[in-house]
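Enquirer: Below: one structure in structure tokens.
In this note's numbering, the protein residues as written are 2 to 268.
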């Protein structure tokens with residue numbers, strides 16, 4: 002028989018581009034992730050997830066027409082509050098106006114809300130006695146901010162916050178809950194045993210209610226004290242004692258339960 006000619010080799014079969022990668026994802030699909038969080042766009046180089054605020058360092062409240070005026074940090078949600086340690090007797094606390102650095106003792110919880118001015122939830126146990134007295138080693142100064150957390154007693158007639166210079170009252174805040182059937186917030190000063198003209202106008206609705214909690218922030222500027230309650234600017238009180246660094250004592254009186262009092266310096 003004649004010799005058999007060799008069989009030519011078969012041409013190689015074409016391979017799919019993914020033939021060597023095992024169970025690869027179809028072309029054009031997004032890469033897989035083992036994370037259980039939904040994938041959202043990054044913000045400022047950091048990952049985000051549902052419910053994260055877009056501007057975590059936003060400052061509120063700010064005062065209209067005052068672009069260079071310091072604002073204070075919002076409490077959405079509120080940080081852990083570090084209450085100052087106050088001796089029970091006598092009720093006087095000497096504090097340097099600096100951020101508190103003690104270990105957290107009380108957590109003030111505030112749920113985020115789209116409605117401006119959410120009402121903070123307060124701890125049930127009061128930690129400051131009333132009358133409450135606070136000595137200011139440096140006096141009052143620009144960018145000093147005082148924060149007061151508490152709640153109004155259910156049968157309250159009034160409560161008072163006084164900024165004192167010796168026997169003078171340089172700044173008097175007096176919410177009244179039944180003045181001729183109305184609720185008002187009176188501001189005044191008492192210099193040389195004489196009361197000055199009262200101020201009663203507010204920038205917003207009355208924020209205090211019987212039996213309800215509140216957060217009051219009092220900011221000192223070179224021109225005035227600026228007061229916000231529950232993160233809503235409420236009023237300004239222009240200085241009547243121009244050497245406000247001589248205002249060296251604060252007291253809080255009457256029908257209020259205090260849970261937190263702090264003095265700090267804004268940057």
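Glycine included, each C-beta is placed from N, C-alpha and C at the ideal position. Note that the structure is predicted; figures quoted are calculated from it, not measured.
#1: Given a threshold of 16 other Cβ atoms within 10 Å of its Cβ, counted over all protein chains shown, does residue 206 qualify as buried or as exposed?
#2: Report, in whole angstroms, the separation of the C-beta atoms of residue 166 and residue 242, which I expect to be a contact under 8 Å.
#3: Compare the Cα-Cα distances from residue 135 to each of 267, 231, 262, 171 and report the closest residue.
#4: Between residue 215 and residue 258, is the Cβ-Cβ spacing less than 8 Å?
#5: Tell me the rounded alpha-carbon separation between residue 224 and residue 172.
#6: Whole angstroms are fine: how far does the CA of residue 228 sit from the CA of residue 188?
#7: Around the C-beta of residue 213, are 16 or more other C-beta atoms found within 10 angstroms, so that it is buried, or is it exposed?
#8: Report the rounded CA-to-CA distance for residue 185 versus residue 238, giving the unit in angstroms.
#9: So, using beta-carbon positions, are residue 260 and residue 143 closer together than 8 Å?
#10: When you compare only the Cα positions, how much space is there between residue 157 and residue 175?
#11: Could you give the distance in angstroms between the alpha-carbon of residue 236 and the alpha-carbon of residue 218?
#12: Whole beta strand (DSSP E) runs in the stretch 137–204 with 3 or more residues, listed along the chain?
#13: Measure the C-alpha to C-alpha separation of residue 132 and residue 254 and round it to an integer number of angstroms.
Expert: Once the coordinates are examined:
#1: Counting from 1 along the chain shown, the entry for residue 206 is found at position 205. The residue in question, residue 206, is exposed, as its Cβ has fewer than 16 Cβ neighbours within 10 Å.
#2: Counting from 1 along the chain shown, the entry for residue 166 is found at position 165. Counting from 1 along the chain shown, the entry for residue 242 is found at position 241. Indeed, because the Cβ distance is near 6 Å, the residues count as touching under 8 Å.
#3: Locating residue 135 in the chain shown gives position 134, counting from the first residue. The option with the nearest alpha carbon to residue 135 is 262.
#4: Translated into the one-based positions of the chain shown, residue 215 becomes position 214. Translated into the one-based positions of the chain shown, residue 258 becomes position 257. Not in contact: residue 215 and residue 258 (Cβ atoms no closer than 8 Å).
#5: Here the question's residue 224 lines up with position 223 in the chain shown. Here the question's residue 172 lines up with position 171 in the chain shown. Looking at the two C-alpha atoms, the distance is approximately 13 Å.
#6: By 1-based counting over the chain shown, the position of residue 188 is 187. By 1-based counting over the chain shown, the position of residue 228 is 227. Those two C-alpha atoms are separated by around 11 Å.
#7: If you number the chain shown from 1, residue 213 lands on position 212. The residue in question, residue 213, is exposed, as its Cβ has fewer than 16 Cβ neighbours within 10 Å.
#8: One-based indexing of the chain shown puts residue 185 at position 184. One-based indexing of the chain shown puts residue 238 at position 237. So the two alpha carbons sit approximately 15 Å from each other.
#9: In the chain shown, counting from the first residue as 1, residue 260 sits at position 259. In the chain shown, counting from the first residue as 1, residue 143 sits at position 142. Going by C-beta atoms, residue 260 is not nearer than 8 Å to residue 143.
#10: The count along the chain shown starts at 1 and reaches residue 157 at position 156. The count along the chain shown starts at 1 and reaches residue 175 at position 174. Each residue's Cα considered, the two are about 12 Å apart.
#11: In the chain shown, counting from the first residue as 1, residue 236 sits at position 235. In the chain shown, counting from the first residue as 1, residue 218 sits at position 217. The straight-line gap from Cα to Cα measures roughly 11 Å.
#12: 145–153, 160–166, 169–180, 183–192
#13: Your numbering for residue 132 matches position 131 in the chain shown. Your numbering for residue 254 matches position 253 in the chain shown. So the two alpha carbons sit approximately 5 Å from each other.
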